[in-house]
Amino acid sequence: MSNLKYLLFGAWFGLILIKSEAASWFRIQEMFMFESFHMYGIMVSAIATAMLSLLIIRKLQLKTISGEKPELVAKEFNKGTVIGALLFGCGWALTGACPGPLFVQIGAGYWIVLITFSFALIGTWTYAFFKEKLPH
Numbered sequence: 000m001s002n003l004k005y006l007l008f009g010a011w012f013g014l015i016l017i018k019s020e021a022a023s024w025f026r027i028q029e030m031f032m033f034e035s036f037h038m039y040g041i042m043v044s045a046i047a048t049a050m051l052s053l054l055i056i057r058k059l060q061l062k063t064i065s066g067e068k069p070e071l072v073a074k075e076f077n078k079g080t081v082i083g084a085l086l087f088g089c090g091w092a093l094t095g096a097c098p099g100p101l102f103v104q105i106g107a108g109y110w111i112v113l114i115t116f117s118f119a120l121i122g123t124w125t126y127a128f129f130k131e132k133l134p135h
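By numbering that gives the first Met the number 0, the letter at position 94 of the sequence shown is numbered 93, and the numbering carries on one by one without gaps.
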């Protein structure tokens, strides 16, 4: 019962992704072929919302549930990030799904996405296996 809130939030988030067509393979393909602003509009809206939220959080000096002040930690730039981003982007363009929409598409009954999900798991396990040898 303690995980019910996560299930409800996930269902709500999935509904938003479906209704906004952010989990649509066709919309994602349109984005990567620069045929539509739809997905870019969603992303820009999300970034603007996050920026505004962070501004409000800082102005009001709000704290996290554990009582800490939220901090954005600068990360060092490295080639592993670029390589990972390229691999992620290629996978996203080829399959029409990143991790969030993968689960949403499966939940919506697009069973063919189970193949993509299987390869996402294989990729995750492969990363875990080679993690110590990869540039971070």
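Heads up, the beta-carbon is just placed ideally off N, CA and C, and yes, glycines get one too.
- Message: I need the boundaries of the alpha helix (DSSP H) containing W11, first residue and last residue.
- Response: Your numbering for residue 11 matches position 12 in the sequence shown. First-last of the alpha helix (DSSP H) with W11: 3-18.
- Query: With a Cβ-Cβ cutoff of 8 Å, do I17 and A107 count as a contact?
  - Reply: Here residue 17 is taken as the residue at index 18 of the sequence shown, counted from 1. Here residue 107 is taken as the residue at index 108 of the sequence shown, counted from 1. Cβ atoms of I17 and A107: closer than 8 Å.
- Query: Where does G108 fall in DSSP's three states?
  - Reply: Here residue 108 corresponds to residue number 109 of the sequence shown, with the count starting at 1. Three-state DSSP puts G108 in coil, outside helix and strand.
- Could you please give the first and the last residue of the uninterrupted alpha helix (DSSP H) stretch that includes K74? Locating residue 74 in the sequence shown gives position 75, counting from the first residue. Where K74 is concerned, there is no enclosing alpha helix (DSSP H), given that its DSSP letter is neither H nor E.
- Message: When you compare the CB of F36 with every CB in chain C, is at least one pair closer than 8 Å?
- Response: This model lacks chain C altogether; it includes just one protein chain.
- Find out if the Cβ-Cβ distance for the pair L3, G79 is shorter than 8 Å. In the sequence shown, the residue the question calls residue 3 occupies position 4. In the sequence shown, the residue the question calls residue 79 occupies position 80. Not a contact, by the Cβ cut-off of 8 Å.
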